[in-house]
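Residue numbers (the numbering used here), protein chains in the order written: chain Z, 6 to 115; chain E, 443 to 558.
Following: one structure in structure tokens, then a few remarks.
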Amino acid sequence: QKEVEQDPGPLSVPEGAIVSLNCTYSNSAFQYFMWYRQYSRKGPELLMYTYSSGNKEDGRFTAQVDKSSKYISLFIRDSQPSDSATYLCAMSLRDDKIIFGKGTRLHILP
Amino acid sequence: SAVISQKPSRDICQRGTSLTIQCQVDSQVTMMFWYRQQPGQSLTLIATANQGSEATYESGFVIDKFPISRPNLTFSTLTVSNMSPEDSSIYLCSAPLLAGATDTQYFGPGTRLTVL
């Protein structure tokens, strides 16, 4: 079993829809959870960062962590064509290397 | 947030040659990281570059193939040596968001390498 599992997509949704992106993980010791957004031909951009179970909101983005189920999600409200990118989940132990998911390619259709 | 730049942004190289990628951070950081992102794959950590000490390589990566320099707290280089087509990839450097913490990192724009 891989440490981090993420559906590669592609995921296509109409503009304005709510997008749900998910990852599962196997190491219950992970403490830090991140979402990165990567546009084509660009480096990953840190989008959300959290270390506790529950929800963290930032504008149209909500990161959700369920440590009991070893499951994290990123929700995007009122999706825009500019949200079209690859979204990578990532997690780590404290002061340890980051483990990335493979990324989900998201297409927002105008 | 840290601003990270990389040079070159892309290159096309011949088999058997070497390429050195430069990474510049706009603030002093103790640790810098080098990743590889192959097409359709996730980011794979190559090595951790600490200023003033030897780089620490991950399993499957060796210093002879990927020598790293870290001359100061804002700069690092990664060399891809004796290249083969299998080395075609995007190479990314990163640095931590918080001083001394590796759990969040900012990334450079990447270097897209094609080996013929």
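Every residue gets a Cβ at the ideal spot worked out from N, C-alpha and C, and that includes glycine.
- In the three-state reduction of the DSSP assignment, Asp529/E falls in the helix class.
- When DSSP states are grouped into helix, strand and coil, Ser511/E belongs to the strand group.
- With fewer than 16 neighbouring CB atoms inside 10 Å of its own CB, Arg457/E falls in the exposed class.
- Here Leu558/E is exposed: its Cβ has fewer than 16 other Cβ atoms, across all protein chains shown, within 10 Å.
- Distance check between Glu528/E and each of Thr498/E, Thr490/E, Leu555/E and Ile488/E places Leu555/E closest, using alpha-carbon atoms only.
- Take the alpha-carbon of Leu93/Z and the one of Asp71/Z: they are about 17 Å apart.
- DSSP places Arg478/E inside the beta strand (DSSP E), whose first and last residues are Met473 to Gln479.
- Per DSSP, the continuous beta strand (DSSP E) segment holding Gln547/E begins and ends at Gln547 to Phe549.
- Pro551/E places its beta carbon 8 Å or farther from that of Gln464/E.
- In the displayed model, Ser89/Z falls within coil according to three-state DSSP, outside both helix and strand.
- Judged by beta-carbon spacing, Met473/E lies beyond the 8 Å limit of Thr486/E, meaning their Cβ atoms are not closer than that value.
- A direct Cα-to-Cα measurement between Val471/E and Leu515/E gives close to 5 Å.
- Pairing Gly21/Z with Tyr499/E, the inter-Cα distance amounts to about 44 Å.
- Lys47/Z has its alpha-carbon roughly 21 Å from the corresponding atom of Met96/Z.
- Taking 8 Å as the CB threshold, Gly502/E stays off the interface with chain Z.
- Secondary structure at Arg42/Z: strand, using DSSP grouped into helix, strand and coil.
- Boundaries of the beta strand (DSSP E) around Phe105/Z: Ile103 to Phe105.
- Nearest neighbour of Asn27/Z by Cα position, chosen from Glu50/Z, Gln85/Z and Ile81/Z, turns out to be Ile81/Z.
- Residue environment for Tyr76/Z: exposed (fewer than 16 other C-beta atoms within 10 angstroms of its C-beta).
- Our two residues, Ser523/E and Pro49/Z, have alpha carbons roughly 25 Å apart in a direct line.
- Residues of the stretch 446 to 466 of chain E with a C-beta less than 7 Å from any C-beta of chain Z: none at all.
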